[in-house]
Structure formats: C-alpha cells, structure tokens
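Asks: So that we are looking at the same thing, I have put the structure below in structure tokens.
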Amino acid sequence: MPMDARVAVLLAVLQGITEWLPVSSSAHLVIAQHAFGVENPVLFDTVVHLGTVTSVIVMTRRRLAAIASQTLAVLTRRRPLARSPEARLALHVLFATVPIVIVGLALEGLIVGSFESLPVVAAALPLTGLVLLTTAHRGGRRRRTTPRSAVVIGLFQACALIPGISRSGMSISAGLHSGLTRRDAAEFSFLLAIPAILGAGALQFMRASSGDVTVEPLPLLLGYTVSAVVGYVFLRVLLRIVVRDGLHRFANYCFGLAAAVWLVLLL
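The sequence shown: position 11 = 197 (our numbering), numbered continuously.
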C-alpha cells in the first residue's frame with residue numbers, strides 16, 4: 187500500500203535508532219515494511235539513510251573541516267602528506283570505500299532484490315551477531331588506521347550491502363580487530379558511512395529519476411527529517427556504548443530477532 191505520514195515517521199524513527207546501533211537498520215526496515223505492506227521501499231530507504239548520514243556530517247563537522255583543510259593543503263603542495271594526519275585519514279577513507287563501490291556496482295541487482303526478502307534478513311542477522319561476539323574485550327591502542335587496515339575495514343563494510351549485516355557493526359568490529367581503540371574504530375566507521383551512503387543515495391536517485399517510481403513528497407520529507415534528528419541522538423548513544431561496554435552485547439539481540447523472523451516465516 188502507499189506509505190502514509192504515520193508509517194513514514196515510524197520507519198524514520200526506526201532507521202534513526204538502528205543505523206548506528208550494530209543491529210542492521212536495513213533489516214529493521216525490511217521487516218517493518220513487510221509488516222505495513224509498503225510498496226516500492228527502495229527510494230524511501232535511500233531518503234532515510236541520507237537523513238542519518240546528515241546526522242553524522244553535523245556531528246563530525248569540525249573533523250570534516252580539518253580533513254578538508256589539510257587535504258587541500260596537500261593537493262596544493264603547501265603541506266606534505268607525511269605531516270598531514272587528517273589528509274592521510276581522508277586517503278584511508280577513500281581506500282576503505284573502494285570495496286563497497288566495486289561490490290555494490292557488480293552485484294546491484296542481487297542487492298536491490300535482497301531488500302525485499304525476509305529470509306535473507308533472517309539468515310544474515312546471525313552473521314552480524316557472530317561478528318559482534320568476536321569483539322568482546324577487544325580494543326587496541328592505535329589511534330590511526332593504516333592503508334592495509336583501511337582496506338580490511340572497507341571489505342567488512344561491503345558485506346553490509348546485504349540487509350541483516352550491520353554496516354556499523356562490521357566496520358567497527360574490523361577496526362577493533364586491527365588494533366584501533368574503541369573510540370577511534372567507531373569514529374572511523376562514522377566517517378566511512380558518509381561516502382558509502384551518499385554514493386548509494388546518488389545512484390538510487392538517478393535510477394528513480396529515469397524510471398516510473400512515484401512517491402508522495404510528504405513521507406520522504408518526514409522520513410529525512412525524523413531520521414536525521416533521531417540518528418544524531420543515537421550516534422552519540424552508540425559512541426558511549428562502544429567506549430564503555432563494547433559491541434558484543436548486541437549479539438543476542440541479533441540472534442533473537444533472526445529467530446523471531448524465522449518463526450514467522452515457518453508458521
């Protein structure tokens with residue numbers, strides 16, 4: 187059925203809460219959209235993801251300004267790359283983004299189809315839970331990524347193109363296993379979300395503009411605004427959880443949600 191304003195707000199709140207928590211926002215959207223009978227959900231999913239990426243841009247705006255300043259200085263040869271840690275960070279974000287671009291373009295048809303499949307969600311959520319369990323008591327002392335660790339984190343993030351695999355869970359877990367501190371693993375994951383989500387959003391908007399997909403503007407506007415506000419709040423919540431408690435506490439939630447979905451599918 188067409189999406190009304192109340193459903194749009196509910197889905198946007200769900201997206202804002204689950205985008206940053208390591209429980210796969212895409213999985214929750216797929217489940218909720220099936221429950222409400224939402225048709226053609228891809229464009230709305232893209233809009234609410236853009237809302238949550240707006241929240242991370244606002245939260246990291248000072249860091250992004252420093253990255254832009256140092257990168258410009260390096261490009262104009264006013265400052266060497268070796269003395270520009272924020273410019274090197276930008277380069278590492280670029281390295282980490284390459285895997286998701288390659289996988290996303292190569293498997294676009296399969297990925298888009300998986301966003302309407304509850305069995306895919308139910309199969310993928312336990313994988314997220316298993317990865318989260320491996321992070322118990324993890325957290326190194328390194329403050330910066332290396333080119334190699336950035337690529338590894340990017341490979342983990344690329345797995346999250348499948349609904350049920352948490353982008354934040356996979357990328358933060360990979361950062362922890364590479365020896366980053368909990369805070370720095372989380373912050374690198376936040377920065378990595380920006381090009382990944384913006385790129386996917388741009389691609390989906392181009393697809394929508396060339397097709398016959400029609401969506402009422404009000405649900406899109408509400409979805410973007412609500413997901414941005416709620417996402418900003420829960421971005422800070424996740425950072426506190428990662429630093430204080432770790433990600434492994436969310437594993438049981440992923441297992442439980444997967445079991446509930448399988449139960450519904452099999453009954």
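Backbone N, C-alpha and C define an ideal beta-carbon position, used for all residues, glycine too.
So, under 8 angstroms CB-CB, residue 436 and residue 216 are touching, yes? Tell me the CB distance rounded to an integer number of Å.
Replies: Actually they do not touch by this definition, with Cβ atoms about 18 angstroms apart.
Asks: Using the Cα positions of residue 377 and residue 276, report the straight-line distance between them to the nearest angstrom.
Replies: Cα to Cα, residue 377 sits roughly 9 angstroms from residue 276.
Asks: Are residue 233 and residue 387 touching if we call contact CB-CB under 9 angstroms?
Replies: Yes, they are a contact pair.
Asks: Among all the DSSP beta bridges, which residues are the ones paired with residue 328?
Replies: According to DSSP, which records beta bridges pairwise, residue 328 is partnered with 366.
Asks: Check whether the region 360-379 touches the region 308-325, taking contact to mean three or more Cβ pairs, one atom from each stretch, closer than 8 angstroms.
Replies: Flag = yes, the region 360-379 and the region 308-325 touch.
Asks: Suppose you measure from the CA of residue 415 to the CA of residue 241; what does that come to, to the nearest Å?
Replies: For residue 415 and residue 241, the distance between alpha carbons rounds to 7 angstroms.
Asks: Give the secondary structure of residue 351 by DSSP, where H, G and I count as helix, E and B as strand, and everything else as coil.
Replies: If DSSP states are grouped into helix, strand and coil, residue 351 belongs with coil.
Asks: Go ahead and label residue 383 buried or exposed: buried means 16 or more other beta carbons lie within 10 angstroms of its beta carbon, across all protein chains shown.
Replies: It is buried - the Cβ of residue 383 has at least 16 other Cβ atoms within 10 Å.
Asks: With a floor of 3 residues, list each beta strand (DSSP E) that falls wholly inside the region 192-218, ordered by position along the chain.
Replies: Whole beta strand (DSSP E) segments, 3+ residues: zero.
Asks: Nearest-angstrom Cα distance between residue 245 and residue 335?
Replies: In a straight line, the C-alpha of residue 245 is about 24 angstroms away from that of residue 335.
Asks: By alpha-carbon positions, which one of 251, 236, 213 ends up nearest to residue 410?
Replies: It is 236 whose Cα lies nearest to the Cα of residue 410.
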